[in-house]
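Enquirer: Protein chains in written order, with this note's numbering: chain A, 1 to 257; chain B, 258 to 578.
In this text, a Cβ means the ideal position worked out from N, Cα and C, and glycines have one as well.
Shown below is the structure under consideration.
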């Protein structure tokens, strides 16, 4: 990308970010808001620099949980969607239970999941998996089943069997949908990892961002809490962007009409 | 554009105006609110006793006791003036003051903190420093868990989040967890477990528990209300420990999860924790600089707060006997 294009892409978000930070600073100063309630940007920046090591370690740990959960949900979700695309009865029978995955409040079932699956990384990955599963299933199923009927006729006229139709027509057709689902799930997987950490933890000396959030909020260290939230946001952004990049690559190859 | 400015200012003014003192009630009593740090339980018994036995009313106070729960933002609600009084623990007061929240402790019912580590009798662990090679569930919110980790090597101990119930404890003989000495062990025993409660105060970490807090401003400007509330609460606690049955029935009606049996056990056990030798001599709710300084020192040593300021202004004994 040339310099001019880069500036027009990054310029506006940076500008609004600067505007937001300045307004936040002005608000805290003007109303003399105490730090335990709303710390100003300087305090949060100080918290970030003081605790940078811990925050980065925690973010990496949470990233591990989130990416594992995301990968699992993508693989499993794709498999389930394939199954749904092959049998209307199974789809009609099981789809409502897939919806259940989306509507069940994760904070309520996370402790149960940890009870069944166990403490530590496995519990975190399980919660992250559960919360990121539905968008993959929903979007991939839609992509696999909503095929142009004329193309289906074309395949039928050429004596294509079920597997030809599936792998040469349905799956390529589903790629854009799958990637949309992946983008949604990537954000959810981070939330899932953090919520999972609230209940599962990692062990004695390893702390994820979820653990730090609970600790700092209980200790009224709001500036440190904001630093944690910032890192959670950055983590979510990083994973989302990575999925977006992969998505653009694949779409260029597969998705064009 | 101007419309948006006006709207924004109106919103701000509205938000600022939310913290006015409530008007006196019809019978000339002053209405105040007391925010609890957990669901209504035996650890709040004295306050409920003061409410239902008329100790607050006798002093022209109408106290609305607001139940709390997990993450109850007591410090924030008191600091911002949303409520006049709150109930929390001494370590939370020091955390709050380290972040410039102007809260002050006024009265400390629990001289001995009820926090305990509940282990299995079958584990053979008899003291906290012996804890090793098990899974230990502790919350990272309060100070005691950090202090324990700082002070003891806890070899082979896998620390996991506190689950809020005893099911993991009952299912796994290699599991220990935090609790309140008159709560979790009772429930575990009731369900057939073999709990042994190890008081955290035994290792020397003993923040006052269930302390009443108010802001510096409330104390300066409404000292009469503060005095009334503190004195009535002391009387309420004395009554509760003498005869807590009616109060427990009231608490049970507010929080049906708390059975009358566990509440009765709570009163029994609390007597020794509230009316220890110091309080018996110096009065219920007593607070000493030595105790506060020691807590501050311990929290600084464990790296939980900075040393600046010490315990200056963290507690005020002028309303105690």
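1. For residue 302(B) versus residue 524(B), is the C-beta spacing smaller than 8 Å?
2. Within 10 angstroms of the Cβ of residue 437(B), are there 16 or more other Cβ atoms? Answer buried if so, exposed if not.
3. Scan the region 211-239 of chain A for residues whose Cβ lies nearer than 7 Å to a Cβ of chain B and list them as they occur along the chain.
4. Should residue 417(B) be flagged as near chain A, meaning a C-beta pair shorter than 8 Å?
5. Measuring straight from C-alpha to C-alpha, what distance separates residue 501(B) and residue 336(B)?
6. Alpha carbon to alpha carbon, how far is residue 95(A) from residue 89(A)? Give it in angstroms, no decimals.
7. Do residue 125(A) and residue 181(A) have their C-beta atoms within less than 8 Å of each other?
8. Can you pull the chain D residues whose beta carbon is under 9 Å from the beta carbon of residue 25(A), in chain order?
9. What separation, rounded to the nearest whole angstrom, lies between the Cα atoms of residue 29(A) and residue 40(A)?
10. With a threshold of 16 other CB atoms inside 10 Å of the CB of residue 171(A), please say whether the residue is buried or exposed.
11. Does the Cβ of residue 20(A) have 16 or more other Cβ atoms within 10 Å, making it buried, or fewer, making it exposed?
12. Quick one, which residues of the region 340-364 of chain B are near chain A if we go by CB-CB under 7 Å, in chain order?
13. With burial defined as no fewer than 16 other Cβ atoms inside 10 Å of the residue's Cβ, what is the status of residue 128(A): buried or exposed?
14. Measuring only the C-alpha atoms, how far is residue 639(B) from residue 496(B)?
15. State the beta-bridge partners of residue 454(B) as determined by DSSP.
16. With a 10 Å radius around its C-beta and 16 neighbouring C-beta atoms as the bar for buried, classify residue 212(A) as buried or exposed.
17. Indicate whether residue 292(B) and residue 348(B) have their beta-carbon atoms separated by less than 8 Å.
18. With burial defined as no fewer than 16 other Cβ atoms inside 10 Å of the residue's Cβ, what is the status of residue 221(A): buried or exposed?
19. Measuring straight from C-alpha to C-alpha, what distance separates residue 198(A) and residue 101(A)?
20. Quick one: grab the DSSP three-state call for residue 337(B).
21. State yes or no: is the beta carbon of residue 41(A) nearer than 8 Å to at least one beta carbon in chain B?
22. Using the Cβ count rule (16 or more neighbours within 10 Å means buried), how would you classify residue 564(B)?
23. Starting from residue 93(A), trace the alpha helix (DSSP H) in both directions and tell me its first and last residue.
24. What does the Cβ neighbour count give for residue 354(B), buried or exposed, with the cut at 16 atoms within 10 Å?
25. Any idea what DSSP makes of residue 290(B), helix, strand or coil?
26. Go through the region 350-406 of chain B residue by residue and report every complete run of the beta strand (DSSP E) that reaches 3 residues or more, in order.
27. Return no unless some Cβ of chain B is closer than 8 Å to the Cβ of residue 192(A).
28. Can you tell me whether residue 139(A) is helix, strand or coil according to DSSP?
29. Name, please, each residue of chain B whose Cβ falls closer than 9 Å to the Cβ of residue 198(A).
30. Going by CA-CA distance only, name the one from 416(B), 434(B), 415(B) that's closest to residue 424(B).
31. In its own chain, which residues sit with a C-beta less than 8 Å from the C-beta of residue 559(B), not counting the 5 before and 5 after it?
32. Bridge partners of residue 470(B), per DSSP?
33. What are the boundary residues of the alpha helix (DSSP H) that includes residue 526(B)?
34. Following the continuous alpha helix (DSSP H) through residue 552(B), name the residue where it begins and the one where it ends.
35. Tell me whether residue 462(B) sits in a helix, a strand or coil according to DSSP, three-state version.
Expert: So, to answer that:
1. On the second chain, residue 302(B) is found 45 positions in, with the first residue counted as 1. On the second chain, residue 524(B) is found 267 positions in, with the first residue counted as 1. Yes, the Cβ-Cβ distance between residue 302(B) and residue 524(B) is below 8 Å.
2. Within the second chain, numbered from 1, the residue matching residue 437(B) stands at position 180. Buried, because 16 or more other Cβ atoms sit within 10 Å of the Cβ of residue 437(B).
3. 211, 214, 215, 218, 219, 220, 221, 222
4. For the purposes of this step, residue 417(B) is identified with residue 160 of the second chain, where counting begins at 1. Yes - at least one Cβ of chain A is within 8 Å of the one on residue 417(B).
5. Walking along the second chain from the start, residue 501(B) turns up at place 244. Walking along the second chain from the start, residue 336(B) turns up at place 79. One C-alpha to the other measures close to 31 Å.
6. Here residue 89(A) refers to the residue found at position 89 when the first chain is read from its first residue. Here residue 95(A) refers to the residue found at position 95 when the first chain is read from its first residue. Taking the straight line joining both Cα atoms gives about 10 Å.
7. Stepping through the first chain from its first residue, residue 125(A) is reached at position 125. Stepping through the first chain from its first residue, residue 181(A) is reached at position 181. For residue 125(A) and residue 181(A), no; Cβs fall outside 8 Å.
8. Among the chains of the structure shown, chain D does not appear; the protein chains present are A and B.
9. If you number the first chain from 1, residue 29(A) lands on position 29. If you number the first chain from 1, residue 40(A) lands on position 40. Approximately 8 Å, taken between the alpha carbons.
10. Residue mapping note: residue 171(A) aligns to position 171 of the first chain, counting from 1. It is buried - the Cβ of residue 171(A) has at least 16 other Cβ atoms within 10 Å.
11. Locating residue 20(A) in the first chain gives position 20, where the first residue counts as 1. Label assigned to residue 20(A): exposed.
12. 352, 353, 356, 357, 358
13. What you label residue 128(A) is simply residue 128 of the first chain in a count that begins at 1. By the 10 Å Cβ count, residue 128(A) comes out buried.
14. The structure shown does not extend to residue 639(B), since chain B spans only 258 to 578, so no value can be given for it.
15. As a working mapping, residue 454(B) is identified with position 197 in the second chain. In DSSP, residue 454(B) forms a bridge with 375(B).
16. The sequence position of residue 212(A) within the first chain is 212, counting from 1. Residue 212(A) should be labelled buried.
17. Against the second chain, residue 292(B) aligns to sequence position 35. Against the second chain, residue 348(B) aligns to sequence position 91. Result no, Cβ atoms of residue 292(B) and residue 348(B) do not sit closer than 8 Å.
18. Numbered from 1 along the first chain, position 221 holds the residue referred to as residue 221(A). So residue 221(A) counts as buried.
19. Counting from one through the first chain, the residue named residue 198(A) turns up at place 198. Counting from one through the first chain, the residue named residue 101(A) turns up at place 101. Their backbone Cα atoms lie some 19 Å apart in a straight line.
20. The residue you call residue 337(B) lines up with position 80 of the second chain. The answer is coil: DSSP assigns residue 337(B) none of H, G, I, E or B.
21. Position 41 of the first chain, counted from the first residue, corresponds to residue 41(A). Answer no: the Cβ-Cβ gap between residue 41(A) and chain B never drops below 8 Å.
22. Along the second chain, read from residue 1 onward, the residue named residue 564(B) stands at position 307. Exposed, by the Cβ-count rule.
23. What you label residue 93(A) is simply residue 93 of the first chain in a count that begins at 1. Counting along the chain, residue 93(A) sits inside the alpha helix (DSSP H) bounded by residues 88-103.
24. Against the second chain, residue 354(B) aligns to sequence position 97. Buried, because 16 or more other Cβ atoms sit within 10 Å of the Cβ of residue 354(B).
25. Locating residue 290(B) in the second chain gives position 33, where the first residue counts as 1. Strand, per DSSP.
26. For the region 350-406 of chain B, whole beta strand (DSSP E) runs of length 3 or above, ordered along the chain, are 360-364, 372-377, 392-394.
27. In the first chain, the residue the question calls residue 192(A) occupies position 192. It does not: the Cβ of residue 192(A) has no partner Cβ on chain B nearer than 8 Å.
28. What you label residue 139(A) is simply residue 139 of the first chain in a count that begins at 1. The answer is helix: DSSP assigns residue 139(A) an H, G or I state.
29. Along the first chain, one-based indexing puts residue 198(A) at 198. Residues of chain B with a Cβ closer than 9 Å to the Cβ of residue 198(A) are, in chain order, 418.
30. Translated into the one-based positions of the second chain, residue 424(B) becomes position 167. When only C-alpha atoms are compared, the closest one is 434(B).
31. Working through the second chain from its first residue, we reach residue 559(B) at position 302. Counting only Cβ-Cβ distances below 8 Å, and skipping sequence neighbours, we find 400, 403, 404, 407, 408.
32. Numbered from 1 along the second chain, position 213 holds the residue referred to as residue 470(B). DSSP, once it has assigned bridges, lists 343(B), 362(B) as partnering residue 470(B).
33. Taking the second chain and counting its residues from 1, the one referred to as residue 526(B) is at position 269. Boundaries of the alpha helix (DSSP H) harbouring residue 526(B): 517-531, taken from the DSSP string.
34. Within the second chain, numbered from 1, the residue matching residue 552(B) stands at position 295. Per DSSP, residue 552(B) belongs to the alpha helix (DSSP H) from 546-558.
35. Taking the second chain and counting its residues from 1, one reaches residue 462(B) at position 205. The answer is coil: DSSP assigns residue 462(B) none of H, G, I, E or B.
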